[in-house]
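Notes follow the structure.
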Amino acid sequence: MPNLDRAGPCNVVIAGKQMYVVDIGEGGGETLNVMGISPGKADGLLLTHFHSDHIDGFGPLMLFHWTRGSSTAPLPVYGPKGVEAIVAGFNAAYATDNTYRIAHHGPQVVPPSGAGAIARPFEMAGSATIVLQRDGLKITAFTVNHDPIKPSVGYRFDYKGRSLCISGDTKKSPNLEAVCKGVDILVHEALNPALVQKMEAAAAANGQAGAAKIMHDIQDYHTTPQEAAESAQAAAVGILVLSHLVPPLPSRWLYAAFLGDAKSRFSGPIVVGEDGMMFSLPAGSKTINRTRLM
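Right under this line is the structure:
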């Protein structure tokens, strides 16, 4: 949904000298640049699922990874089965442009070996599987319920005794609550049905039957703010950050209406996520620092 204040779904996790992008909605790569986080330094992209709003910023991120960092190897893209087709499609779409860049800027600036992306598919072994372990960082993928969209996963990151989870798109998920037990930060999607129902009614009243049908359908495979708070409480997380908000919130005055009574269902802090927010987890402590990069 249009929102000038927020790009599409996109989170970045930095652990020591490693950096991974989780999902890349439209505008995600550009927002990272504005925040001063260079996509050229990304060690990989992790996709939770293949809905268009989670991949429509793929092309720019792939290009930035190559041109901003003079990368000599393609961008690794991790995801469940099916990620190969996504990567192949974007590689094909950008193949001609790659030749232009090399011819114009030269191989010293844009090494031919660094163009494009490379798929790193993983198989889900049960409800969770370790995607990679590297230099003290462990990334675990876990199944979530975004039916009929399959596969759909979230990710848990563990590094030097600190941890966080990113839900991806999902209904309230008992598996998420189990896998994300005790993490410092839970980044969870949220949809407010009451507000979406008003949009559905308005679309129907204005003869927009297709839009009304979409507004109706999306209510059955997302998590409400209250449910996200309940999951945060069940998992005993440190802080809940709501992200990928539906509907868009053009003003902070709407945050209270969006949250409803969610704060009564979780004993920790709840933050309505905004583009440019950065959370830091210093090793060897329980501190959670928050600042803004834009």
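Take 2 as the starting number for the sequence shown in my numbering and just add one per residue.
All C-beta atoms, glycine included, are put in the ideal place defined by N, C-alpha and C.
For Ser164, report the span of its beta strand (DSSP E) as first-last. Here residue 164 refers to the residue found at position 163 of the sequence shown. Unbroken beta strand (DSSP E) run through Ser164: 163-167.
May I have the straight-line CA-CA distance separating Val145 from Lys151, to the nearest angstrom?
The residue you call residue 145 lines up with position 144 of the sequence shown. The residue you call residue 151 lines up with position 150 of the sequence shown. Our two residues, Val145 and Lys151, have alpha carbons roughly 9 Å apart in a direct line.
From Ala237 to Asp57, what does the alpha carbon distance come to, in whole angstroms?
-> Taking the sequence shown and counting its residues from 1, the one referred to as residue 237 is at position 236. Taking the sequence shown and counting its residues from 1, the one referred to as residue 57 is at position 56. Each residue's alpha carbon lies about 33 Å from the other.
**Report entry** Three-state secondary structure assigned by DSSP to Asp159
**Finding:** The residue given as residue 159 occupies position 158 in the sequence shown. Residue state, collapsed to three classes: strand.
Checklist entry - Are Thr158 and Ala142 close, meaning C-beta to C-beta below 8 Å? => result Counted from its first residue, the sequence shown places residue 158 at position 157. Counted from its first residue, the sequence shown places residue 142 at position 141. As written in the sequence, residue 158 is Phe, which differs from the Thr given in the question. No, they are not a contact pair.
ask   = Going by DSSP, what residues sit across from Val1 in a beta bridge?
value = This structure does not reach residue 1, given that the chain is present from 2 up to 295, and the question cannot be answered.
With H, G and I counted as helix, E and B as strand and the rest as coil, what does DSSP make of Pro194? Within the sequence shown, the letter at position 193 stands for residue 194. Residue state, collapsed to three classes: helix.
Select from Glu31, Ile240, Val110 the residue whose C-alpha is nearest the C-alpha of Ser281.
The residue given as residue 281 occupies position 280 in the sequence shown. Taking only the C-alpha atoms, the option nearest Ser281 is Ile240.
* Asked: Between Leu48 and Leu133, what straight-line distance do the alpha-carbon atoms span, to the nearest angstrom?
  -> Walking along the sequence shown from the start, residue 48 turns up at place 47. Walking along the sequence shown from the start, residue 133 turns up at place 132. Near 14 Å, if we compare the C-alpha coordinates of Leu133 and Leu48.
| Three-state secondary structure (DSSP) at Asp4? | Mapped onto the sequence shown, residue 4 falls at position 3. Note that residue 4 is Asn in the sequence shown, not Asp. DSSP places Asn4 in coil when its eight states are reduced to three.
Q) What did DSSP end up calling His106 once you bin it into helix, strand or coil? A) Numbered from 1 along the sequence shown, position 105 holds the residue referred to as residue 106. Under the three-state reduction of DSSP, His106 is assigned to helix.
Exposed or buried, which one is Val35 when buried takes at least 16 other CB atoms within 10 Å? Counting from 1 along the sequence shown, the entry for residue 35 is found at position 34. Result: exposed.
>> Does Pro112 come out as helix, strand or coil in the three-state DSSP assignment?
In response: Translated into positions along the sequence shown, residue 112 becomes position 111. Judged by DSSP in its simplified three-state form, Pro112 adopts coil rather than helix or strand.
What does the Cβ neighbour count give for Leu76, buried or exposed, with the cut at 16 atoms within 10 Å? Start at 1 with the first residue of the sequence shown, and residue 76 comes out as number 75. With 16 or more other Cβ atoms from the protein chains shown falling within 10 Å of its own Cβ, Leu76 counts as buried.
- For Lys264, which of helix, strand or coil comes out of DSSP? The sequence position of residue 264 within the sequence shown is 263, counting from 1. Of the three classes helix, strand and coil, the one that applies to Lys264 here is helix, per DSSP.
Notebook entry, point to check: Quick one: does the C-beta of Gly208 sit closer than 7 Å to a heavy atom of the ligand MG?
Noted result: As presented, the structure is devoid of all ligands, the ligand MG included, so that no description of it is given.
Consult DSSP for Ala237 and reduce its assignment to one of helix, strand or coil. In the sequence shown, the residue the question calls residue 237 occupies position 236. Three-state result, Ala237: coil.
According to the neighbour-count rule (16 or more other Cβ atoms, all chains shown, within 10 Å of its Cβ), is Gln109 buried or exposed?
Locating residue 109 in the sequence shown gives position 108, where the first residue counts as 1. Exposed.
### Query
Roughly how many whole angstroms lie between the Cα atoms of Asp136 and Asp221?
As a working note, residue 136 is residue 135 in the sequence shown. As a working note, residue 221 is residue 220 in the sequence shown. In a straight line, the C-alpha of Asp136 is about 40 Å away from that of Asp221.
Q: Would you please state the rounded distance, in angstroms, between the beta carbons of Ala74 and Gly115? I believe it to be under 8 Å.
A: One-based indexing of the sequence shown puts residue 74 at position 73. One-based indexing of the sequence shown puts residue 115 at position 114. Going by Cβ atoms, the distance from Ala74 to Gly115 rounds to 6 Å, so yes, they are a contact pair.
- Item | Meets three-Cβ-pair contact criterion under 8 Å: the stretch 202-216 and the stretch 180-187 | Taking 8 Å as the limit for Cβ pairs, the verdict is that the stretch 180-187 does not touch the stretch 202-216.
Do Val180 and Ala120 have their CB atoms nearer than 8 Å?
-> Residue mapping note: residue 180 aligns to position 179 of the sequence shown, counting from 1. Residue mapping note: residue 120 aligns to position 119 of the sequence shown, counting from 1. With contacts defined as CB atoms closer than 8 Å, Val180 and Ala120 fail to qualify as a contacting pair.
task: With DSSP as the reference, please indicate the residues paired to Arg121 in a beta bridge.
output: Residue mapping note: residue 121 aligns to position 120 of the sequence shown, counting from 1. Looking at the DSSP assignment, Arg121 forms a beta bridge with Tyr79.
Bridge-paired residues (DSSP) for Val21
The residue labelled residue 21 in the question sits at position 20 within the sequence shown. In the sequence as presented, Val is not what sits at residue 21; that position holds Tyr. Beta-bridge pairing links Tyr21 to Val14, Gly45.
Q) Under 8 Å, do Gly277 and Arg253 count as touching if we go by C-beta distance? A) Walking along the sequence shown from the start, residue 277 turns up at place 276. Walking along the sequence shown from the start, residue 253 turns up at place 252. The answer is no: Cβ separation not under 8 Å.
Helix, strand or coil at Leu250 [DSSP, three-state]
Locating residue 250 in the sequence shown gives position 249, counting from the first residue. The three-state reading of DSSP puts Leu250 in coil, since its state is none of H, G, I, E or B.
With distances taken from CA atoms, which of Tyr156, Pro270, Arg266 is nearest Leu138? Within the sequence shown, numbered from 1, the residue matching residue 138 stands at position 137. Checking every option, the nearest Cα to that of Leu138 belongs to Tyr156.
- prompt: Can you give the beta carbon distance from Val197 to Pro249, rounded, assuming they're within the 8 Å contact cut?
  reply: Within the sequence shown, residue 197 is the residue found at index 196, counting from 1. Within the sequence shown, residue 249 is the residue found at index 248, counting from 1. Contact flag wrong, Cβ pair sits at about 11 Å.
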